[in-house]
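Notes for the one structure printed next.
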Amino acid sequence: MRSKWKILFLCGFVLMGLAGCSAPRGTDGKTKVDQIIASEKIEIPKSQVNTTEIGDETLKKEYGKLKDSDTITIEPTGFGATLSQSWFDGLIVWPIAQLINVFASWTDAGVGIILATLLIQLVVFAFTYKSQLASQRMQEIQPELTRIQNKYKDKTDDRSRMLMAQETQKIYQKYDIHPFGTILVTFIQLPIMMGMYYATMRASAVVYGSFLGMSLSETPIEAFKSLGTGSVQWGPIIIYLLMIVMQIVSLKLPQWLKKYDDKKNGVRRKKYLKENDNPMASTMNMTMYFTTAMIAFMYLSWPIAMSFYWFVSSCVRSLMQLYMHFVLMKKQQKKAA
């Protein structure tokens, strides 16, 4: 119960932090010039940034005198300046944006996002691998939970409910699963995902940078609009579609691994183990598809850098799931035996 309240408090704390974040992009879809986070002094064309919706009226007038072809000097952004905007900007957005800038300075913005994503995912995995392992186990033991549910399907008396709860708890203990603890991964990834969202819009390397000749500040919806023209922007469209595919793969992978193990071990799935007869499995699938649809809808209007980040992140998560299944879980099974 104490862990439950800690997680709920953390969620509320993060939401308050997000509420304090200002919108980095203007109504024209460009990043506001005063929201850019730079690691070094850079010159950027006025046409690539928004100068009309910034807070400083003096700077707004100065920028208004410039031509679109003129350049604007962006000074390095300090931690203190970002922290003064909000604690979320300072503690989460600024480090991620600077990480992208540093990595991008070695290569380009796309590789910068890849390396930053790899590093962030490895750090998250190091702190939450037990919760992630439990979350993966939770999906893989659905057939056993279904067996218990069907056993007491038509029994509504208190004794049957108590026995069902006890048998379910034994399954959790057998696989060392703490159901509420699996939510910890989601609450940790939420602020990181939002931090990455803001960082990809504010990192100077992304604002004026590119990947394989493609501007990462563009949005997928702009690319889809180009389908009716002579010059189709295939890059953003391909990345966006790959992101959706890998999102589904990363969510379905634990179920596929379970089926692979059952087939390998010669386990025949009985009728009561089928997903159609399992309300919990059906709910999980519905949640998975709803989440994917929601992400696909949101990312249509977000910078393609965000779709690229989520694609790389889903690939990393899938590799980690394979590692947990074939290495960590096998080790634990050998110890239990």
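Note that the sequence shown covers residues -19 to -1, 1 to 318 in mature numbering (1 follows the signal peptide of the UniProt record, and there is no 0). Heads up, the beta-carbon is just placed ideally off N, CA and C, and yes, glycines get one too. These figures come from a predicted structure and were not determined experimentally.
Here's the rule I'm using: 16 or more other beta-carbon atoms within 10 Å means buried, otherwise exposed. How should arginine 118 be labelled? Here residue 118 corresponds to residue number 137 of the sequence shown, with the count starting at 1. The residue is buried, with at least 16 neighbouring Cβ atoms inside 10 Å.
If the criterion is Cβ atoms closer than 9 Å, does the pair glutamine 302 and proline 201 meet it? Here residue 302 corresponds to residue number 321 of the sequence shown, with the count starting at 1. Here residue 201 corresponds to residue number 220 of the sequence shown, with the count starting at 1. No; because the gap between Cβ atoms is not below 9 Å, this pair is not in contact.
Looking at the secondary structure, which residues open and close the beta strand (DSSP E) in which proline 26 lies? In the sequence shown, counting from the first residue as 1, residue 26 sits at position 45. It spans 23 to 26 - the beta strand (DSSP E) in which proline 26 sits, taken as one unbroken run.
Looking at the strands, I want to know which residues DSSP matches up with methionine 195. Position 214 of the sequence shown, counting from 1, holds the residue named residue 195. For methionine 195, which the question treats as bridged, DSSP gives the partners Phe192.
In whole angstroms, give me the CA-to-CA distance for glycine 176 and leucine 72. As a working note, residue 176 is residue 195 in the sequence shown. As a working note, residue 72 is residue 91 in the sequence shown. Taking the straight line joining both Cα atoms gives about 9 Å.
Whole angstroms is fine: what's the gap from threonine 63's alpha carbon to glutamine 29's? Translated into positions along the sequence shown, residue 63 becomes position 82. Translated into positions along the sequence shown, residue 29 becomes position 48. Distance between the alpha carbons of threonine 63 and glutamine 29: 22 Å.
Have a look at phenylalanine 307 and alanine 78 and give me their C-alpha separation to the nearest angstrom. Numbered from its first residue, the sequence shown carries residue 307 at position 326. Numbered from its first residue, the sequence shown carries residue 78 at position 97. Answer to the nearest angstrom: the Cα atoms are 34 Å apart.
Looking at C-alpha atoms only, which residue of Ile229, Val213, Ala146 and Val92 is the closest neighbour of threonine 268? Taking the sequence shown and counting its residues from 1, the one referred to as residue 268 is at position 287. Taking only the C-alpha atoms, the option nearest threonine 268 is Ile229.
Meets three-Cβ-pair contact criterion under 8 Å: the segment 95 to 111 and the segment 283 to 297: At 8 Å Cβ cutoff, the stretches touch.
Candidates Ile25, Val83 and Asp70: which alpha carbon is nearest proline 172's? Here residue 172 corresponds to residue number 191 of the sequence shown, with the count starting at 1. Considering only alpha carbons, the answer is Asp70.
Who does alanine 184 pair with in a DSSP beta bridge? One-based indexing of the sequence shown puts residue 184 at position 203. Alanine 184 pairs with Ile18.
Using 10 angstroms around the beta-carbon of glycine 194, count the other beta-carbons present and answer buried if the total reaches 16, otherwise exposed. Taking the sequence shown and counting its residues from 1, one reaches residue 194 at position 213. The residue is exposed, with fewer than 16 neighbouring Cβ atoms inside 10 Å.
Nonlocal neighbours in the same chain, by C-beta distance under 7 Å from tyrosine 253, ignoring five residues either side: Taking the first residue of the sequence shown as position 1, residue 253 is located at position 272. Because tyrosine 253 sits at a pLDDT of 46, beneath the cut-off of 50, its placement in the model cannot be relied upon, and the point is left open.
State the start and end residues of the unbroken alpha helix (DSSP H) segment that holds threonine 63. The residue labelled residue 63 in the question sits at position 82 within the sequence shown. That run of the alpha helix (DSSP H) goes 60 to 64.
Own chain partners of isoleucine 220 with C-beta closer than 7 Å, once the 5 adjacent residues on each side are dropped: One-based indexing of the sequence shown puts residue 220 at position 239. Contacts found: Ile285, Ser288, Phe289 and Phe292.
Per DSSP, cross-strand counterpart(s) of threonine 12: Here residue 12 is taken as the residue at index 31 of the sequence shown, counted from 1. According to DSSP, threonine 12 bridges with Arg6.
Can you tell me whether leucine 208 is buried or exposed? The criterion is at least 16 other CB atoms within 10 Å of its CB, across all chains shown. As a first step, residue 208 is located in the sequence shown; it is residue number 227 there, counting from the start. That one is exposed.
Per DSSP, which residues does threonine 52 bridge with? Please list them. Here the question's residue 52 lines up with position 71 in the sequence shown. Answer is Pro26.
Which residues bound the alpha helix (DSSP H) around valine 305? Working through the sequence shown from its first residue, we reach residue 305 at position 324. Contrary to the premise, residue 305 reads as methionine rather than valine in this sequence. Methionine 305 -> no alpha helix (DSSP H), and no H or E assigned at all.
Between glutamine 16 and aspartate 139, what straight-line distance do the alpha-carbon atoms span, to the nearest angstrom? For the purposes of this step, residue 16 is taken as residue 35 along the sequence shown, with counting starting at 1. For the purposes of this step, residue 139 is taken as residue 158 along the sequence shown, with counting starting at 1. Those two C-alpha atoms are separated by around 59 Å.
Does the ligand NAD have a heavy atom nearer than 8 Å to the CB of serine 185? This structure lacks the ligand NAD, and indeed carries no ligand of any kind.
Can you confirm whether the segment 81 to 97 touches the segment 178 to 187 when touching is taken to mean that 3 or more C-beta pairs between the two stretches lie within less than 8 Å? yes
Using the rule of at least 16 other Cβ atoms within 10 Å of the residue's Cβ for burial, across every protein chain shown, is methionine 6 buried or exposed? Position 25 of the sequence shown, counting from 1, holds the residue named residue 6. At residue 6 the sequence reads arginine, which differs from the methionine that was named. Residue environment: arginine 6 is assigned as buried (16 or more neighbouring CB atoms within 10 Å of its CB, all protein chains considered).
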